[in-house]
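Trainee:
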Amino acid sequence: MKKIVLIILTFILFHNSVLAMTQNQLYIIHQALNVEQGKVTKQMHTDFWNDVPSDLKKDISMYLETTGLMAKLMKDGMNYQMELWKSALVSYQNQQVFKSDDYLQAKATINDFINRVSNNIPDPIERQQVINQMKTSMINSNNLLESAAARKNMQSVQGPIVELSEERIKFIISGIEDSFLRIDKLLKIDWAD
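Quick note on numbering: the numbering used here labels position 59 of the sequence shown as 53, and the sequence is numbered without any gaps.
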């Protein structure tokens, strides 16, 4: 599931120059997102922000809406994943599909962004690929919630089966929360220990 969001993000990154961050920044983001071995050090933070143009450092929201949009999208994508899995946990526990307000809001944020970006892709084939990947992601999200409510493993659209149990769902939420905290720490211009 997380891989689908990252595939869409990567596709958008390489097909939309507005999202062009430096290779170093992308590498640092990748390290921060790694669920098993993720980290953010003061040096990584310094290196990330050294690649931000001086004029954009004065307006962080402007940076995150332009060159740093990929970082913002990663953060929004992690929030979407976290809220999805939290809803899956409640669905599993209550044995009925549950969609929290936070999940619905995160889903709307991601859908809005993907729709706006896909409209700016000039090549109709590439645009359709982004739309199809987003549709697949949403189908998988619904499948996750339905499978959790039924307390059975989820069959993803692409084929792999996702094992579901209460412990597994809690483990995934914990990993996403840790990644989210690291990205949040990275995207604040001032380092905090």
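Glycine is no exception: its CB is placed at the ideal position from the N, C-alpha and C atoms.
Could you check the C-alpha separation between GLU161 and ASN28 for me, to the nearest Å?
Mentor: If you draw a straight line from the Cα of GLU161 to the Cα of ASN28, it is about 20 angstroms long.
Trainee: Flag this pair as yes or no: are the beta carbons of GLU120 and ASP96 separated by less than 8 angstroms?
Mentor: no
Trainee: Taking the Cβ atom as the reference point for each residue, do ASP178 and LYS69 lie within a distance shorter than 8 angstroms?
Mentor: yes
Trainee: Beta-carbon separation of VAL86 and LEU158 under 8 angstroms?
Mentor: Checking the sequence, you will find Tyr at residue 86 rather than Val. Less than 8 angstroms divides the Cβ of TYR86 from the Cβ of LEU158.
Trainee: Given SER141, which residues of its chain have a CB within under 7 angstroms of its CB, disregarding the five upstream and five downstream residues?
Mentor: ASN147, MET148 and LEU158
Trainee: DSSP three-state label for GLN17, please.
Mentor: In the three-state reduction of the DSSP assignment, GLN17 falls in the helix class, which pools H, G and I.
Trainee: In three-state DSSP terms, what is VAL111?
Mentor: helix
Trainee: Count the other CB atoms, across all protein chains shown, that sit within 10 Å of the CB of ILE104; report buried if there are 16 or more and exposed otherwise.
Mentor: buried
Trainee: Please state if the CB of LYS51 and the CB of ILE183 are separated by a distance shorter than 8 angstroms.
Mentor: yes
Trainee: Starting from GLN149, follow its DSSP beta bridges and name the residues at the other end.
Mentor: ILE155
Trainee: Please classify GLY71: is it buried, with 16 or more other beta-carbons within 10 angstroms of its beta-carbon, or exposed?
Mentor: buried
Trainee: Whole angstroms is fine: what's the gap from VAL156's alpha carbon to SER48's?
Mentor: It is roughly 44 angstroms from the alpha-carbon of VAL156 to the alpha-carbon of SER48.
Trainee: So which of TRP185, PHE174, ASP187 and ALA186 has the shortest CA-CA distance to ILE23?
Mentor: PHE174
Trainee: Assuming contact is defined by CB atoms lying nearer than 8 angstroms, are LEU67 and PHE107 in contact in what I supplied?
Mentor: yes
Trainee: Under the three-state reduction of DSSP, which class applies to LYS182: helix, strand or coil?
Mentor: If DSSP states are grouped into helix, strand and coil, LYS182 belongs with coil.
Trainee: PHE5 by DSSP, collapsed to three states: which one?
Mentor: In this prediction, PHE5 has a pLDDT of 45, which is less than 50 and means its spatial position is unreliable; what the coordinates show is noted afterwards. In the structure shown, PHE5 falls within a helical segment according to DSSP collapsed to helix, strand and coil.
Trainee: Is VAL34 near LEU180, with beta carbons less than 8 angstroms apart?
Mentor: yes
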